[in-house]
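Novice:
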Amino acid sequence: MPPLPKPSSTTLNRLNTLTTHLLKATFQTSSSSSSTMSVPSTQKALQITQTGGPDVVHLAAAAPVPTPSATQVLIKNTHAGINYIDTYFRSGLYPPDHFPYTLGREGEGHIVSAPASSSLAAGDRVAYTAGATQAQFAVAEAWQVVKLPQQVPEGVGAASMIQGLTALTMIRESYHVRAGDAVLVHAAAGGVGLWLCQLLRAVGAGTIIATASTAEKLELAKKNGATHGVSYADGADWVAAVKEITGGAGVAAVFDGVGKATFDGDLEVVARKGTVVSFGNASGAVEPLKIARLAAKNVKVLRPQLFGYVATPEEFKQYADELMEMVAGGKVDVRVHKTYKLEEAVQAHKDLEGRGTTGKLLFKIE
151 MPPLPKPSST TLNRLNTLTT HLLKATFQTS SSSSSTMSVP STQKALQITQ TGGPDVVHLA
211 AAAPVPTPSA TQVLIKNTHA GINYIDTYFR SGLYPPDHFP YTLGREGEGH IVSAPASSSL
271 AAGDRVAYTA GATQAQFAVA EAWQVVKLPQ QVPEGVGAAS MIQGLTALTM IRESYHVRAG
331 DAVLVHAAAG GVGLWLCQLL RAVGAGTIIA TASTAEKLEL AKKNGATHGV SYADGADWVA
391 AVKEITGGAG VAAVFDGVGK ATFDGDLEVV ARKGTVVSFG NASGAVEPLK IARLAAKNVK
451 VLRPQLFGYV ATPEEFKQYA DELMEMVAGG KVDVRVHKTY KLEEAVQAHK DLEGRGTTGK
511 LLFKIE
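For the sequence shown, position 242 (counting from the first letter as 1) is numbered 392 according to the numbering used here, and the numbering increases by one without interruption.
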């Protein structure tokens, strides 16, 4: 039997439109603010009851379904992103404020109910940022939710929110990258790293130096916009390599998600009046810094976190709309490394911390 022909993009768009209409017909009531579906009182959710290694993550079978406030939407999730911040809460680096603690900071799904004052309606396919997203249902403030264009494939919304918004806000606000700038990106084949490489290319950065641990990862970073690849595996002298590439001048900015293992080198390779953006702790937290170390080159150091840049409805809308427009328009390629079931959460944490992944890790939620 011959293989079926691959559907055209036009056909896929029509199917997406039909799916959205069918979902809205299922979800919406006459007020267009809540669904007719029966919402259960309990759900499956990934939780921890103590901090520790990957094995402390467990799938609770009867976690309570959250009740939205007057300003929140209730979402039935189809996907949730996996991020390093999940490992920080799990390990206790970021102490949870209560137990059991449900993991997750981003998701994708369909609106079950929304405030009447919101532009969102039951059945809308959305992506969002919130807490406790690695569960069948989640609540989010309505202003932290973005409708997904039909051109955005399933799962890509959840894959884009934390890492995409992190990269976009950092190149605009942590250090405003300008055309021609020399920039260093550590862990460039990781989730945020690949976003950074693509966005830096899009805004015209001149020299984009990528570091990674394998030749395959370096090649991937180059395919996504890096102009140079430098290995930091097995004690390789990446500091000397960066200095050679820049003719000794150093880089205008360093974007470092690795942390402890690379921070001292960052201060060596950053240019005079340059900026070190330390945004992650993949190798451990950076040791306390003696501020006098910055004086020799008038260096600026930041430790940003995404939600400090999208703390208001206006800020979130600005960046989320721009991000989804770029994704829908094909200006960035959102690479999903692997999709897991909730039951595979322990392995997902091991894979993420093992630093053998490239791109995004996702949960598919049934």
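Think of the CB as a built atom: it goes at the ideal place given N, C-alpha and C, for glycine as much as any other residue.
These numbers were taken from a predicted model, which means no experiment stands behind them.
Taking one C-beta from the stretch 325-338 and one from the stretch 217-229 each time, how about it: are there three or more such pairs within less than 8 angstroms?
Specialist: no
Novice: If you measure between the beta carbons of T279 and R255, is that distance less than 8 angstroms?
Specialist: One-based indexing of the sequence shown puts residue 279 at position 129. One-based indexing of the sequence shown puts residue 255 at position 105. Going by C-beta atoms, T279 is nearer than 8 angstroms to R255.
Novice: State buried or exposed for L511, treating a residue as buried only when at least 16 other CB atoms are found within 10 Å of its CB.
Specialist: Within the sequence shown, numbered from 1, the residue matching residue 511 stands at position 361. Around the beta carbon of L511, 16 or more other beta carbons sit within 10 angstroms, so the residue counts as buried.
Novice: Under the rule that 16 or more other beta-carbon atoms within 10 Å means buried, what is K367, buried or exposed?
Specialist: If you number the sequence shown from 1, residue 367 lands on position 217. Buried.
Novice: Is the CB of K373 under 8 angstroms away from at least one CB in chain B?
Specialist: In the structure shown, chain B does not exist; there is a single protein chain.
Novice: Tell me whether the beta-carbon of T237 lies closer than 8 angstroms to the beta-carbon of H487.
Specialist: As a first step, residue 237 is located in the sequence shown; it is residue number 87 there, counting from the start. As a first step, residue 487 is located in the sequence shown; it is residue number 337 there, counting from the start. Cβ atoms of T237 and H487: not closer than 8 angstroms.
Novice: Taking 8 angstroms as the cut-off, decide whether the C-beta atoms of L456 and T316 are in contact.
Specialist: Residue 456 sits at position 306 when you count from the first residue of the sequence shown. Residue 316 sits at position 166 when you count from the first residue of the sequence shown. Yes, the pair counts as a contact, with Cβ atoms nearer than the cut-off.
Novice: Can you tell me whether DSSP reads I517 as helix, strand or coil?
Specialist: Any property of residue 517 remains undetermined from this structure, which presents the chain solely from 151 to 516.
Novice: My output table needs one value for E366: the three-state DSSP class, helix, strand or coil.
Specialist: Within the sequence shown, the letter at position 216 stands for residue 366. Of the three classes helix, strand and coil, the one that applies to E366 here is helix, per DSSP.
Novice: Using only CA atoms, which one of G341, T361, A329 lies nearest to R351?
Specialist: For this step, residue 351 is matched to residue 201 along the sequence shown. The residue with the shortest Cα to Cα distance from R351 is A329.
Novice: Report the CB separation of D471 from V296 in whole angstroms; it is logged as a contact under 8 angstroms.
Specialist: As a working note, residue 471 is residue 321 in the sequence shown. As a working note, residue 296 is residue 146 in the sequence shown. About 7 angstroms separates the two Cβ atoms, so the contact holds.
Novice: Quick check on the burial criterion: 16 or more other C-beta atoms within 10 angstroms. Buried or exposed for G504?
Specialist: As a working mapping, residue 504 is identified with position 354 in the sequence shown. Counting Cβ neighbours within 10 Å, G504 comes out exposed, since fewer than 16 surround it.
Novice: Exposed or buried, which one is Q222 when buried takes at least 16 other CB atoms within 10 Å?
Specialist: Numbered from its first residue, the sequence shown carries residue 222 at position 72. Q222 should be labelled buried.
Novice: Tell me whether T319 sits in a helix, a strand or coil according to DSSP, three-state version.
Specialist: In the sequence shown, the residue the question calls residue 319 occupies position 169. Three-state result, T319: helix.
Novice: How many whole angstroms separate the CB atoms of T425 and A403, which I take to be in contact at a CB cut-off of 8 angstroms?
Specialist: Numbered from 1 along the sequence shown, position 275 holds the residue referred to as residue 425. Numbered from 1 along the sequence shown, position 253 holds the residue referred to as residue 403. That belief holds up - the Cβ atoms of T425 and A403 are roughly 5 angstroms apart, short of 8 angstroms.
Novice: Using a Cβ-Cβ cut-off of 7 angstroms (strictly less than) and excluding sequence neighbours within five positions of A436, which residues of its own chain qualify?
Specialist: The count along the sequence shown starts at 1 and reaches residue 436 at position 286. Note that residue 436 is Val in the sequence shown, not Ala. The residues are G409, K410, F413, S428.
Novice: Let me know if N448 comes out buried or exposed under the rule of 16 or more other beta-carbons within 10 Å of its beta-carbon.
Specialist: In the sequence shown, the residue the question calls residue 448 occupies position 298. Exposed is the call here.
Novice: What is the DSSP secondary structure of D406, counted as helix, strand or coil?
Specialist: As a working mapping, residue 406 is identified with position 256 in the sequence shown. Three-state DSSP puts D406 in a strand.
Novice: If I follow the unbroken alpha helix (DSSP H) through L473, where does it start and stop?
Specialist: The count along the sequence shown starts at 1 and reaches residue 473 at position 323. Start and end: 463-478.
Novice: Since I believe G257 is in contact with A308 (beta carbons under 8 angstroms), could you give me their beta-carbon distance rounded to a whole number of angstroms?
Specialist: As a first step, residue 308 is located in the sequence shown; it is residue number 158 there, counting from the start. As a first step, residue 257 is located in the sequence shown; it is residue number 107 there, counting from the start. Their Cβ separation, rounded to whole angstroms, is 6 angstroms, which keeps A308 and G257 in contact under 8 angstroms.
Novice: Quick one: residues in its chain with C-beta nearer than 6 angstroms to the C-beta of T507, no 5 flanking neighbours on either side, listed in chain order?
Specialist: On the sequence shown, position 357 is the one that residue 507 refers to. Excluding sequence neighbours, T507 sits near H487, D501.
Novice: Could you tell me the distance, in whole angstroms, from the CA atom of G341 to the CA atom of Q313?
Specialist: As a first step, residue 341 is located in the sequence shown; it is residue number 191 there, counting from the start. As a first step, residue 313 is located in the sequence shown; it is residue number 163 there, counting from the start. Taking the straight line joining both Cα atoms gives about 6 angstroms.
Novice: Measure the C-alpha to C-alpha separation of V206 and A288 and round it to an integer number of angstroms.
Specialist: Position 56 of the sequence shown holds residue 206. Position 138 of the sequence shown holds residue 288. Distance between the alpha carbons of V206 and A288 is about 22 angstroms.
Novice: State the start and end residues of the unbroken alpha helix (DSSP H) segment that holds F413.
Specialist: Looking up residue 413 in the sequence shown gives position 263. 413-419 is the span of the alpha helix (DSSP H), which, as asked, contains F413.
Novice: Which residue marks the beginning of the beta strand (DSSP E) containing E503, and which one marks its end?
Specialist: To locate residue 503, count along the sequence shown from 1; it is residue 353. E503 -> not in any beta strand (DSSP E); alpha helix (DSSP H) instead, spanning 495-503.
Novice: Reducing DSSP to helix, strand and coil, say where F287 ends up.
Specialist: Mapped onto the sequence shown, residue 287 falls at position 137. Strand.
Novice: What are the partner residues of H233, as DSSP defines its beta bridges?
Specialist: Looking up residue 233 in the sequence shown gives position 83. Residue identity differs from the one stated: residue 233 is Asn in this sequence, not His. Paired residue(s): none; N233 is not in a bridge.
Novice: With the cut-off set at 8 angstroms, would you say V262 and V189 are in Cβ contact?
Specialist: Reading the sequence shown from its first residue, position 112 is the one you call residue 262. Reading the sequence shown from its first residue, position 39 is the one you call residue 189. Closer than 8 angstroms, so yes.
Novice: Would A355 and A371 be called neighbours here (beta carbons separated by less than 8 angstroms)?
Specialist: Locating residue 355 in the sequence shown gives position 205, counting from the first residue. Locating residue 371 in the sequence shown gives position 221, counting from the first residue. For A355 and A371, no; Cβs fall outside 8 angstroms.
Novice: Reducing DSSP to helix, strand and coil, say where A211 ends up.
Specialist: Position 61 of the sequence shown, counted from the start, is the residue given in the question as residue 211. Strand, per DSSP.
Novice: Looking at the structure shown, is Y325 part of a helix, part of a strand, or coil, going by DSSP?
Specialist: Residue mapping note: residue 325 aligns to position 175 of the sequence shown, counting from 1. Residue state, collapsed to three classes: coil.
Novice: What would DSSP say about Y238, mapped onto helix, strand or coil?
Specialist: Here the question's residue 238 lines up with position 88 in the sequence shown. Correct three-state label for Y238: helix.
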